[in-house]
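*Asks:*
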């Protein structure tokens, strides 16, 4: 049975505490609407498939065309089968840890970058990871950590973005192509995860399954995987 209690399900709790969240509940179902939550306008769902499908029809009628259902892969698949105007649009991984990573960053320690460095971050992401959901200055993107080499060149970055009081959220992890294979991605992720975990119960991120290098890095740091999916209107 899927646990729909908002105070127990991380996906729902993440959405409920996001700025501007709107929530709909029926017996056995909950839907939380959040604009610009990790890049997309999302309808985060949880509950029994029949109950969620019924409630989601009501919510879809009162939200804009840009809002997309988001939840566990199993639930999204079940709901789409019951709501023919929806189709599965993507499957990916919600990865999280509730324990500090505690990994040594190496000779060059990661640091939080001042806002004056954000144009440099933008330029590096354009080169290294243009598919990133997080960009400096975008709504919900709070701060950037980075590692520089001895000459001051920015080699790798990671963002705190769309965090809540209970769940720290990491995004925008990018390493310059010339610096890959040196463990810098793991170092910046370990630093950012431990920083975000302080005072919170968990740190999470979303990652595509095609990004096998990232999946291996997060798994190696102790993150666990929960299969999630998104749907869209046909």
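In this note's numbering, the protein residues as written are 1 to 234. Note that the Cβ used here is the ideal one computed from N, Cα and C, for glycine as well.
1) What does the alpha-carbon distance come out to for the pair residue 225 and residue 186?
2) In terms of alpha-carbon separation, which member of 139, 131, 121 and 26 lies closest to residue 266?
3) Please identify the residue among 165, 195 and 54 whose C-alpha is closest to the C-alpha of residue 102.
4) Just to confirm the assignment, what range does the alpha helix (DSSP H) spanning residue 220 have?
5) Looking only at DSSP bridge pairs, what is residue 34 linked to?
6) Note down the Cα distance separating residue 53 from residue 35, rounded to an integer number of angstroms.
7) What beta strand (DSSP E) runs, 3 residues minimum, are completely inside the region 141 to 175?
8) Below 8 Å CB to CB, which residues in the same chain sit around residue 201 once its five sequence neighbours on both sides are set aside?
9) CA-CA distance, residue 78 and residue 124?
10) Considering just the uninterrupted stretch of the beta strand (DSSP E) at residue 89, what are its terminal residues?
11) Going by DSSP, what residue range makes up the beta strand (DSSP E) through residue 119?
12) Whose C-beta lies closer than 7 Å to the C-beta of residue 113 among residues of the same chain, with five residues either side of it excluded?
13) Thinking just about the alpha-carbon of each residue, which of 190, 70, 137 and 95 is nearest to the one in residue 87?
14) What do you reckon, are the CB atoms on residue 152 and residue 161 nearer than 9 Å?
15) Identify whether residue 181 lies in helix, strand or coil by the three-state DSSP scheme.
16) Given that a residue counts as buried once 16 or more other Cβ atoms are within 10 Å of its Cβ, and exposed if not, what is residue 204?
17) Taking just the CA atoms, how far does residue 14 sit from residue 116?
18) Between the Cα of residue 24 and those of 56, 11 and 213, spot the shortest distance and give me the residue it belongs to.
19) Pull up the DSSP beta-bridge partners for residue 83, would you.
20) Given that a residue counts as buried once 16 or more other Cβ atoms are within 10 Å of its Cβ, and exposed if not, what is residue 58?
21) Hey, how far is the Cα of residue 39 from the Cα of residue 134?
22) Quick check on the burial criterion: 16 or more other C-beta atoms within 10 angstroms. Buried or exposed for residue 210?
23) Would you kindly check if the distance between the Cβ of residue 93 and the Cβ of residue 227 is under 9 Å?
24) How long is the line joining the alpha carbons of residue 230 and residue 28, rounded to whole angstroms?
*Replies:* By the coordinates alone:
1) 17 Å
2) Because the chain here runs from 1 to 234, residue 266 falls outside it and cannot be looked at.
3) 195
4) 212 to 220
5) 42
6) 21 Å
7) 141 to 148, 154 to 161 and 167 to 175
8) 98, 166 and 167
9) When rounded, the distance between both Cα atoms is 40 Å.
10) 86 to 97
11) Where residue 119 is concerned, there is no enclosing beta strand (DSSP E), although the alpha helix (DSSP H) it sits in stretches over 118 to 128.
12) The answer, listed in chain order, is 121, 144, 145 and 146.
13) Distances from the CA of residue 87 to each of 190, 70, 137 and 95 were compared; the closest alpha carbon is that of 70.
14) no
15) coil
16) buried
17) The alpha-carbon atoms of residue 116 and residue 14 are separated by roughly 29 Å.
18) 56
19) Bridge partners of residue 83 according to DSSP: none are assigned.
20) exposed
21) 7 Å
22) exposed
23) yes
24) 20 Å
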